[in-house]
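K.L.:
Letter 16 of the sequence shown, counting from 1, is numbered 28 in this note's numbering, and no numbers are missing. Glycine included, every Cβ here is placed at the ideal spot set by N, Cα and C.
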Amino acid sequence: RLDLEVTRDWCSMAAVDPSQQGGAEYLASIFGTEKDKVNCSFYFKIGACRHGDRCSRLHNKPTFSQTILLANLYINPKNITTTDPSAIPSMTEEELQEHFDEFFEDIFLELEEKYGPIEEMNICDNLGDHLVGNVYAKFRHEEDAEKAVAELNNRWFGGRPIVAELSPVTDFREACCRQYEMSECTRGGFCNFMHLKPISRDLRRKLFGSRPSRGRGRGRGGGRFNRSGSRSPPQRRRSRSRSPFNRDDRR
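1. With the cut-off set at 8 Å, would you say Ile-211 and Phe-116 are in Cβ contact?
2. Ile-87 to Asn-51, Cα distance in whole Å?
3. Over what stretch of residues does the beta strand (DSSP E) that includes Ser-53 continue unbroken?
4. If you reduce the DSSP assignment to three classes, tell me which class Leu-108 lands in.
5. Do you know whose CA, among Asp-183, Thr-182, His-63, Lys-209, lies nearest Ser-195's CA?
6. Note the first and the last residue of the continuous beta strand (DSSP E) segment covering Leu-81.
7. For Arg-217, count neighbouring C-beta atoms within 10 Å of its own C-beta (all shown protein chains included) and say buried if the count is 16 or more, exposed if not.
8. Would you kindly check if the distance between the Cβ of Val-181 and the Cβ of Thr-79 is under 8 Å?
9. Would a C-beta distance cut-off of 8 Å place Asn-138 and Cys-203 closer than the cut-off?
10. May I ask you to report which of helix, strand or coil DSSP gives Asn-138?
11. Only counting the same chain, and skipping five residues up and downstream in sequence, which positions put a Cβ closer than 8 Å to that of Tyr-127?
12. Go ahead and pull the three-state DSSP assignment for Val-175.
13. Please report the distance separating the alpha-carbon of Leu-123 from that of Leu-215.
14. Here's the rule I'm using: 16 or more other beta-carbon atoms within 10 Å means buried, otherwise exposed. How should Asn-146 be labelled?
15. Does the distance from the C-beta atom of Phe-120 to that of Met-133 stay below 8 Å?
16. In whole angstroms, what is the alpha-carbon distance linking Cys-67 and Ala-149?
17. Would His-142 pass as a contact of Gly-64 if the rule is Cβ separation under 8 Å?
18. What do you reckon, is the C-beta of Ser-179 under 7 Å from a heavy atom of the ligand NAP?
19. On the three-state DSSP scale, how would you describe Glu-196?
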């Protein structure tokens, strides 16, 4: 009877204090959260950290993932800095949106046509070095993401080498700044959560009009499959001569 009472009391305390759970179970429950003192929660949620390699917590880079990161790939013309003010392009808001839409379409079609169907693609509008211009593409299949990373790291875009890696981000809802979505973020472009730049309605309709929505990201869509489960041929094509990948592929 004494042993039974002791067991009952221990179970009661464990239910109140999670730290009394089994070590492995407790560590698993806090992994990637702010309570985790070993692994970086920002890297786990966003795939980037403002401290970079100087971070005091671990950045566990995934060995497999559906999502890839193309770091700092998009350059917003309004954020260009130079010692010569006359070199900064003067563009209207409409021209800036057109510039972004063209970039988004080029990247999306290149990735999907070469590597496989994309479920979701997002581009950060943040200003912090670890997030500025980041492109996140979530493929339907992990093997497509792996192939994309292997090949893209040997390619150039816009005169710059592409830096690609697998990303731990799987749920963009957790990575996005909710205050930004409500136009209430006080940190501006230096917020450490994603500020996702939206594509135009016309481009969304062109790229994703016939697809079911699968995510909350600004540029989202579903994969293309035929009834047998194999991939159907891409239906959208663009002139290869206008691809920035082709113009700037060089080592």
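P.N.:
To lay it out plainly:
1. Working through the sequence shown from its first residue, we reach residue 211 at position 199. Working through the sequence shown from its first residue, we reach residue 116 at position 104. Yes, the Cβ-Cβ distance between Ile-211 and Phe-116 is below 8 Å.
2. Here residue 87 is taken as the residue at index 75 of the sequence shown, counted from 1. Here residue 51 is taken as the residue at index 39 of the sequence shown, counted from 1. If you take the alpha carbons of Ile-87 and Asn-51, they lie about 30 Å apart.
3. Translated into positions along the sequence shown, residue 53 becomes position 41. Secondary structure note for Ser-53: it is in no beta strand (DSSP E), and the uninterrupted alpha helix (DSSP H) holding it is 53–58.
4. Here residue 108 corresponds to residue number 96 of the sequence shown, with the count starting at 1. Assigned with DSSP and collapsed to three states, Leu-108 falls in helix.
5. If you number the sequence shown from 1, residue 195 lands on position 183. That would be Lys-209, whose Cα lies nearest to the Cα of Ser-195.
6. Taking the sequence shown and counting its residues from 1, one reaches residue 81 at position 69. First-last of the beta strand (DSSP E) with Leu-81: 79–82.
7. The residue given as residue 217 occupies position 205 in the sequence shown. Looking at its Cβ environment, which holds fewer than 16 other Cβ atoms inside 10 Å, Arg-217 is exposed.
8. Working through the sequence shown from its first residue, we reach residue 79 at position 67. Working through the sequence shown from its first residue, we reach residue 181 at position 169. Their beta carbons are under 8 Å apart, which means Thr-79 touches Val-181 by this criterion.
9. Looking up residue 138 in the sequence shown gives position 126. Looking up residue 203 in the sequence shown gives position 191. In contact: Asn-138 and Cys-203 (Cβ atoms closer than 8 Å).
10. For the purposes of this step, residue 138 is taken as residue 126 along the sequence shown, with counting starting at 1. Asn-138: coil per DSSP, three-state reduction.
11. Looking up residue 127 in the sequence shown gives position 115. A distance below 8 Å between beta-carbons, with the five flanking residues on each side excluded, links Tyr-127 to the following residues of its chain, in chain order: Phe-151, Asp-156, Ala-157, Lys-159, Ala-160, Glu-163.
12. In the sequence shown, the residue the question calls residue 175 occupies position 163. Val-175 falls in the coil class under three-state DSSP.
13. By 1-based counting over the sequence shown, the position of residue 123 is 111. By 1-based counting over the sequence shown, the position of residue 215 is 203. When rounded, the distance between both Cα atoms is 16 Å.
14. Residue mapping note: residue 146 aligns to position 134 of the sequence shown, counting from 1. Burial is judged here by how many other beta carbons sit within 10 angstroms of a residue's own beta carbon; Asn-146 has at least 16 and is buried.
15. Numbered from its first residue, the sequence shown carries residue 120 at position 108. Numbered from its first residue, the sequence shown carries residue 133 at position 121. Met-133 is positioned such that its CB atom lies closer than 8 Å to that of Phe-120.
16. Stepping through the sequence shown from its first residue, residue 67 is reached at position 55. Stepping through the sequence shown from its first residue, residue 149 is reached at position 137. Rounded to whole angstroms, Cys-67 and Ala-149 show a C-alpha spacing of 25 Å.
17. By 1-based counting over the sequence shown, the position of residue 142 is 130. By 1-based counting over the sequence shown, the position of residue 64 is 52. Yes, the Cβ-Cβ distance between His-142 and Gly-64 is below 8 Å.
18. Ligands are entirely absent from the displayed structure, and the ligand NAP is therefore not among its contents.
19. Taking the sequence shown and counting its residues from 1, one reaches residue 196 at position 184. Note: Glu-196 maps to coil in three-state DSSP.
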